[in-house]
Amino acid sequence: MLKWLFGQKTDGASGGNGGGGNGATPKKPAPVVLNLTPETVVDAVLEQMSTTPDPRMRQIQESAVRHLHAFAREVNLTPGEWLQGIEFMTKVGKICTPERQEFILLSDTVGLSALVNLMHDKTALEIATDTSLLGPFFRENPPRYPPGGQICKDISKGELAIYGRVMDAKGNPLAGAEVGIWQTASDGLYDIQSMPNGEMDARGVFTTDAGGNYLLRTVMPLDYSIPMDGPVGAMVRMQKRHGMRPAHLHFLISAPGQRELVTALYMSDSNYLATDTVFGSSSVDLVADPITNDPNCPLKGIPAVRYDFKLSRMSEADMKGGRVGSDPGAILKN
Ligand SMILES: [Fe+2]
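With the first letter of the sequence shown counted as 1, position 260 gets the number 656 in the working numbering; the numbers rise by one all the way through.
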């Protein structure tokens, strides 16, 4: 029997519902109610949720409720504060569109995305290139380019070459690997922010050659602010944080039989490497230093970054674990 379920006392001396104690009127059974305290309400909830058929879903939901209750008890959450939280989450939901995913941004700014990513890294079968956040600006089906193609429409402020190899964990070249890249354009914005008609810019996919080589042209990425015009931006301002991200290039690299690599290269001269608002710049191995007149770069006359990516073999868990972050449009279609 559950400890929080019990009836009221039924003896006459207790003043219970039966009335009188002289036996003249039959006693009415006392109602069984949830008798809750701040400490026991969580058990009552978990008991009701215990019928969830899927064991993994049950585990996740139970843990979430347990921690949510512990949080509320720890801070002694008031009704007004609880409502303020509901209002905040409502605003986060309302501002989401196929192009804007405020919940991913919220997850990023409280470090949840980085945590999930780092835990996911530890499950790789082999040591591969460190990962970084997919972020809220990823889009499916970017344009494909031939080797050396320029992904940006505006190159008036100069170009940047990126080249290198995609390899498996043992260093064998991966031919036919897909190298997806997306970044801020020369105005410091992602196309999602600056092109409301759905046009794509500063993103593309390249395919490695027989030697696993890739080569592309882009522009120098810029430090940028996360979107500050929504509820997450208001939260960041309220916390007196700068809201900035260090300049970076996003990559999504895939090859048959290999774990998909979601990563980013961060520019070494950024002032925000150590204080990234979304905690993406978590590895010194992902810091890139563009070189002028790189003699090894196939593209001459522009700064270049050489970076070799290593992929781990794909595990069975990888097939169902999903990737950190997602295309906002894909979320809203479901
Ligand atoms: Fe980004």
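C-beta: ideal position from N, C-alpha, C; glycine also. Being a predicted model, the structure only gives us computed values, none of them experimental.
Judged by DSSP in its simplified three-state form, L669 adopts coil rather than helix or strand.
R599 carries a strand assignment under DSSP once its states are collapsed to helix, strand and coil. Per the DSSP secondary-structure output, H644 pairs in a beta bridge with Y662.
Between L645 and E656, the C-beta spacing is not below 8 Å.
Assignment of beta-bridge partners to Y610 by DSSP yields G560.
Contact between the segment 476–492 and the segment 513–522 is not established, with fewer than three Cβ pairs separated by less than 8 Å. Boundaries of the beta strand (DSSP E) harbouring K706: 705–707, taken from the DSSP string.
In this structure, H646 has its beta carbon less than 7 Å from a heavy atom of ligand 1. Taking the CA atoms as reference points, G481 sits about 10 Å from L473.
In this structure, M624 and R633 form a Cβ contact; the two beta carbons are roughly 7 Å apart against a cut-off of 8 Å. In this structure, M616 is the residue among D672, G676, M616 with its C-alpha nearest to the C-alpha of L585. Distances from the CB of G608 to the heavy atoms of ligand 1 are all 7 Å or more.
Distances taken from the Cβ of F533 to the heavy atoms of ligand 1 include one shorter than 7 Å.
As computed with DSSP, G576 is found in a beta bridge with V601, L648. At least one heavy atom of ligand 1 lies closer than 7 Å to the C-beta of R641. In chain order, C548, K549, A581, D587, M591 place their CB closer than 7 Å to the CB of D597, counting only its own chain and leaving out the 5 sequence neighbours on each side. In the same chain as G576, and ignoring 5 residues on each side of it, the C-beta atoms closer than 6 Å to its own belong to V601, L648, in chain order.
Around A670, the same chain offers S677 as residues with beta carbons nearer than 8 Å, after the five sequence neighbours per side are excluded. Setting aside the 5 residues that flank it on each side, R540 is surrounded in the same chain by V601, each with a C-beta closer than 6 Å to its C-beta; the list follows chain order.
Setting aside the 5 residues that flank it on each side, I558 is surrounded in the same chain by L612, V701, each with a C-beta closer than 6 Å to its C-beta; the list follows chain order. Non-local C-beta neighbours of Q457 in its own chain, meaning closer than 8 Å and more than five positions away in sequence, comprise M445, T448, ordered along the chain.
Assignment of beta-bridge partners to L657 by DSSP yields I649. Rounded to whole angstroms, the separation of the alpha carbons of R709 and G608 is 16 Å.
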